[in-house]
Structures are given as structure tokens and as C-alpha cells.
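J.: I have a structure I would like to understand better, so I am pasting it below and will then ask my questions one at a time.
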Amino acid sequence: MDNKPNISTQEFFLNSGSEQLLKIHQFARARYVAPWAVFFGVLLRVAASVPPHVQLPPVVGRPASLNLLCAFVGKSGAGKGNTTGVAREAWPTDVLELPIGSGQGIAAQFASDPDSAVIFDIPEIDILTGHAGQHGSILLATIKSFAMGEQIGQTNATRDARRIVDAHTYRGCLSVGTQPGHANVIFNDASGGLPQRFLWAPVVDPNTPGGKFPIPDPLVMDMPDWGTKGDVVKVAYGHPDIETTIVDTHLANVRGEGNPLDSHAILTRCKVAALLAIMHGSLEERGMARAIEKDGFDAGRLESVIRSILDQLRRNGEMPGSELRTSLTSENRKWFDQAIAQLAEDGRIVVTRAGSGFRYRLTDDRQGGDCRQGALTQVRGGGETRQGGGADSPISLENHSSREDQVKKMSCRAWVEGYLAELVKQGHTTADPVAVRDAGVAAGYNRNQLHNAGSTLGLTGAVWSLAA
1 MDNKPNISTQ EFFLNSGSEQ LLKIHQFARA RYVAPWAVFF GVLLRVAASV PPHVQLPPVV
61 GRPASLNLLC AFVGKSGAGK GNTTGVAREA WPTDVLELPI GSGQGIAAQF ASDPDSAVIF
121 DIPEIDILTG HAGQHGSILL ATIKSFAMGE QIGQTNATRD ARRIVDAHTY RGCLSVGTQP
181 GHANVIFNDA SGGLPQRFLW APVVDPNTPG GKFPIPDPLV MDMPDWGTKG DVVKVAYGHP
241 DIETTIVDTH LANVRGEGNP LDSHAILTRC KVAALLAIMH GSLEERGMAR AIEKDGFDAG
301 RLESVIRSIL DQLRRNGEMP GSELRTSLTS ENRKWFDQAI AQLAEDGRIV VTRAGSGFRY
361 RLTDDRQGGD CRQGALTQVR GGGETRQGGG ADSPISLENH SSREDQVKKM SCRAWVEGYL
421 AELVKQGHTT ADPVAVRDAG VAAGYNRNQL HNAGSTLGLT GAVWSLAA
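This is the structure we're talking about:
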């Protein structure tokens with residue numbers, strides 16, 4: 001494990017600029033439970049809300065499942081059951097919750113009902129110890145395979161008795177309550193990788209204040225359209241250092257140099273990162289490019305190429321296509337056309353024909369600015385004004401993260417409703433959804449949030465009607 005200092009509760013929940021994390025902290029305070037325990041309880045429910053064909057990409061070996069295991073640690077009576085209830089209140093999605101029995105029982109559940117996600121709940125670690133200690137028990141082995149989304153079940157003498165569940169066809173999570181010193185059933189299998197597959201959440205918070213606190217609204221539970229089971233969706237790693245760390249850790253383990261307790265820690269962290277992104281709606285539309293990889297589409301690599309192109313245009317100004325392409329590494333050049341098409345579609349670059357080729361420049365000639373003008377101006381990518389208010393108040397230049405930091409504590413849906421209400425006041429009877437989303441991005445929301453907000457408001461089609 002790394003020795004970096006742990007992030008503080010306040011820094012994570014209160015200073016991150018996340019409305020979702022703020023609500024989790026508010027729920028914890030209102031119900032007098034530990035914020036970190038509620039957070040991990042919510043992550044279990046987020047994971048259970050995502051279909052099994054959504055996976056982590058195969059940097060090493062095979063794709064990895066988002067199935068999640070979490071142990072909630074505290075003295076007897078510290079409130080693991082209360083924490084589960086608060087997490088259910090914060091993320092009130094309809095998820096099947098079942099007690100656990102045998103390894104065969106886990107497989108039987110998914111074999112009989114493959115489309116239902118399940119959170120298996122073990123309120124007391126002694127229940128797991130008892131089941132695992134039975135003669136011939138395959139429970140711990142099944143849990144390890146279950147965490148990876150691998151094939152589970154068994155082949156018996158007759159076809160009717162067989163319970164085979166194929167890899168990545170089921171979504172399940174496991175919640176275990178344990179006391180310090182009672183988790184030997186998990187830690188005794190360290191060489192087999194069981195404890196490394198768990199998240200460990202404290203149910204004790206010494207800083208829990210007294211007093212009365214308001215109960216917030218539930219978290220925003222908007223989800224993308226994940227497509228059908230046959231379309232594998234892979235959550236891409238947005239920073240190249242992540243893949244490097246995964247490979248380096250794997251090589252150390254293969255060479256016998258790694259700490260066995262680290263063998264699955266990186267994967268568990270990647271699962272948390274992916275579920276955090278999903279919980280925040282940090283996925284883009286148009287096939288969720290730049291945030292996910294679908295049908296072999298490597299969004300992580302594409303995003304890297306997009307950044308490289310933007311950096312070149314910021315440094316050099318307008319460039320011919322041949323020069324811009326050769327500025328990339330040979331490995332990245334195959335992504336050039338897709339990156340250019342996406343940047344042009346987003347309105348971030350201007351493409352002009354020059355003889356037999358093309359030239360490219362940033363949309364804003366100040367190199368890196370935002371082409372949108374006016375808080376209520378609807379703008380087509382590339383700068384064409386579509387409809388809306390006056391264009392006499394340009395938005396100040398700032399990066400995306402700084403815009404997000406300035407977003408008021410308002411849901412994306414509430415922002416869209418307010419924005420459209422202002423258009424109605426100005427006399428508009430229709431709105432262009434692309435322009436509304438552009439304005440929403442300028443306000444700090446992401447396109448997936450904006451798309452889902454429009455859908456929940458019943459706004460569909462190429463033109464939105466603003467009639468009452």
C-alpha cells in the first residue's frame with residue numbers, strides 16, 4: 001500500500017465541490033452515522049445500479065467487473081445496520097438485498113434470475129465464518145470469483161442440477177459487518193487475495209457532532225443509457241499514469257517483488273474511481289466518448305490525443321493538418337481523424353479548407369477561450385448564434401474545473417428548468433437542445449447530466465418546445 005496521507009473527511013466531502021458528496025455527509029450528520037461508511041454504502045448501491053456489461057478495460061489480462069465488496073468495521077453496536085439504512089435512503093434505487101448462504105446459493109440466485117442485481121448482506125462477520133467453515137464450503141472461493149465477475153457455479157451430474165453463471169453476466173455486491181479482531185475469516189485468505197478485494201469502511205467517527213441537522217434530498221441518480229447486454233461498455237482510465245501504475249504493480253507481483261496485500265488494491269481503487277464518476281454523472285454523450293470505451297472504442301487514448309492537439313494549437317496558433325498530425329507520436333496518429341471530428345463537433349476548433357488539405361485553429365482566436373457569448377445566448381458549435389439573449393456580455397475565460405467550482409449547489413435539472421424559464425421570459429417558444437447543453441457546460445455541468453436532465457423533463461427531439 002502507498003504511504004500517502006489519507007484525505008481528511010472535510011476535504012473529501014465538504015471541499016471537493018461535489019453536491020453528491022456533500023449530500024452524503026449531510027445524511028451522515030442528520031442520522032448520526034459515519035460519513036465514510038455511508039459513502040461506501042452508497043457506492044455499493046451505485047455499483048448495483050450499473051449493468052454487468054459495463055466493465056473496467058483489460059490493461060492487464062481480462063476486463064474487470066464493477067462488482068464490489070465492502071466490510072464495515074466497528075465495535076458491536078456501532079451502527080453498521082443504521083449505516084446501511086442511511087445509504088439506502090441516500091441512494092433509494094430498487095436493489096434486491098439478500099442474506100448469504102453458500103457459494104452454490106450465490107450461483108443459484110443469478111442462474112434463476114440473471115437480470116436482477118443483488119447486494120448480499122452479512123450483518124455479522126460470524127455468519128460468514130460459520131458458512132465458510134462448513135465441510136466442503138466453496139463460499140470464499142465463490143466470493144473471490146464473484147468480485148471479479150468471473151464464471152461462478154458448478155457442474156453437477158444432471159443437467160437440471162447444474163448452476164453455471166457466465167462471466168460478466170451478473171451484477172452483485174457484498175456488504176459485511178465486522179468487529180476489529182473478528183475478520184480472520186477474510187484475512188486468513190490473504191495469500192488467495194480475499195482481503196485485497198474488499199473496501200474497508202469505518203462505522204465509527206469520533207467527530208460526530210450532536211444537535212439537529214436537516215435531512216437532504218436523495219442524491220441525483222441519473223444514469224446513462226448503457227445499451228444492451230451484447231454491447232460491452234468499458235469505463236476508460238482518463239490519465240495515462242493509471243495504466244502505468246496498474247502495469248508496474250502487476251509486473252512487481254509477477255516477479256515476486258510485490259506485497260501480496262497490494263495484489264488487488266489497485267483494481268479496487270479503479271472500481272471506486274469508476275463508480276465515483278458514474279455517481280457524479282461524469283460521462284459524456286455521443287456514445288459517452290471521452291469517458292467510456294464502447295465496442296472497442298478507446299476513449300482514454302482519444303482524450304489524450306485531443307489534449308495534445310489542443311496544446312499544439314494553443315502554442316502555435318493555426319496549423320495545417322499535415323503539420324498537426326505529425327506533431328503527434330506515431331502511436332497517436334491513428335486517432336487524429338476521430339479527435340479532429342470530435343473537436344469540430346464540440347465547436348472547440350475551426351476547420352478551413354486550404355488547397356487539397358485543411359487548416360485548424362481554436363474556435364476562440366485568443367487560443368483556448370470559450371466561444372460562447374452571453375449567459376443566455378444559444379450558440380452553434382463554431383460560433384453561429386442560434387437564438388437567445390444579447391451577446392454583449394462575453395463569458396470570462398476560465399478552465400472547466402474552475403467553472404465547476406463556481407456551480408451553485410443546484411441540481412442539473414433545476415439549472416435546465418431555470419435556463420428555459422429565462423428563455424420563455426425573453427419570448428422564445430422553442431429551444432435548441434445542443435445550444436442549451438453548450439450553455440450548461442459553460443455553467444459547469446457535463447453533457448451527460450444535461451442530457452439526462454432534459455430526458456427527465458420530457459424534452460426530446462431536435463427542437464424543444466417551451467409551450468406550457
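Just so we're aligned, residue 1 is where the sequence shown starts under full-length UniProt numbering, counting upward by one. The beta-carbon is built from N, C-alpha and C at its ideal position, and this holds for glycine as well. Note that this is a predicted model, so its numbers are computed, not measured.
1) Extract the residue ranges of the alpha helix (DSSP H) inside the segment 106–182, only unbroken runs of 4 or more that lie entirely within it.
2) Go ahead and pull the three-state DSSP assignment for V220.
3) Going by DSSP, name the residue or residues bridged to C412.
4) Three-state secondary structure (DSSP) at S465?
5) By DSSP's criteria, Q55 is part of a beta bridge. Which residues make up the other side?
6) Please classify V247 as buried or exposed, where buried requires at least 16 neighbouring CB atoms within 10 angstroms.
7) Exposed or buried, what is A190 when buried is set at 16 or more other beta-carbons lying within 10 Å of its beta-carbon?
8) Need the endpoints of the beta strand (DSSP E) that I349 sits in, please.
9) Exposed or buried, which one is R171 when buried takes at least 16 other CB atoms within 10 Å?
10) By the three-class DSSP mapping on this structure, what secondary structure does A431 have?
11) Which residue's Cα is closest to the Cα of A147: L96, L44 and F72?
12) Taking Cβ positions, are F213 and Q20 nearer each other than 8 Å?
13) Relative to the C-alpha of M319, which candidate in E97, G427 and V350 has its C-alpha closest?
14) What residues in its chain sit with their C-beta under 6 Å from that of F120, if we drop five residues either side in the sequence?
15) One question on the structure: do A416 and G458 come within less than 8 Å of each other, judged by their Cβ atoms?
16) Distance, Cα to Cα, T9 vs I266?
17) Could you give the distance in angstroms between the alpha-carbon of K30 and the alpha-carbon of G440?
18) Using DSSP bridges, identify the partner residues of residue 469.
19) Mark N67 as exposed unless 16 or more other C-beta atoms lie within 10 angstroms of its C-beta, in which case mark it buried.
20) Taking Cβ positions, are G193 and K271 nearer each other than 8 Å?
21) Output the distance between the C-alpha atoms of R366 and Y445, rounded to the nearest integer angstrom.
22) Are the CB atoms of I106 and I164 nearer to each other than 8 Å?
23) Is it the case that the Cβ atoms of E150 and A167 are separated by a distance below 8 Å?
24) Of the choices I138, G77, V220 and F110, whose alpha-carbon is the least far from that of E89?
25) Go to P35, then tell me how far its alpha helix (DSSP H) extends in each direction, as first and last residue.
26) Could you tell me how far apart the beta carbons of A201 and W36 are, in whole angstroms, since I believe they sit closer than 8 Å?
27) Is DSSP giving Y419 helix, strand or coil here?
28) Measuring CB to CB, does V176 end up less than 8 Å from H53?
29) Got a sec? Which residues, its chain only, sit under 8 Å from K75 by beta carbon, not counting five neighbours each side?
30) Answer with buried or exposed for E11, where buried requires no fewer than 16 other C-beta atoms within 10 angstroms of its C-beta.
T.: This is what the structure gives:
1) 125–132 and 139–148
2) coil
3) None, per the DSSP bridge assignment.
4) strand
5) K234
6) exposed
7) exposed
8) I349 to A354
9) buried
10) strand
11) L44
12) no
13) V350
14) L98, I100 and L174
15) Reading off the sequence shown, one finds Val at residue 416, where the question assumed Ala. Not a contact, by the Cβ cut-off of 8 Å.
16) 22 Å
17) The sequence given here places Ala at residue 30; Lys does not occur at that position. If you take the alpha carbons of A30 and G440, they lie about 31 Å apart.
18) No statement about residue 469 is possible, as the shown extent of the chain runs from 1 to 468 and does not include it.
19) buried
20) no
21) Because the pLDDT at R366 is just 40, under 50, the model does not fix this residue reliably, and the point stays unresolved.
22) no
23) yes
24) V220
25) P35 to A48
26) 6 Å
27) helix
28) no
29) Q179, P180 and V204
30) exposed
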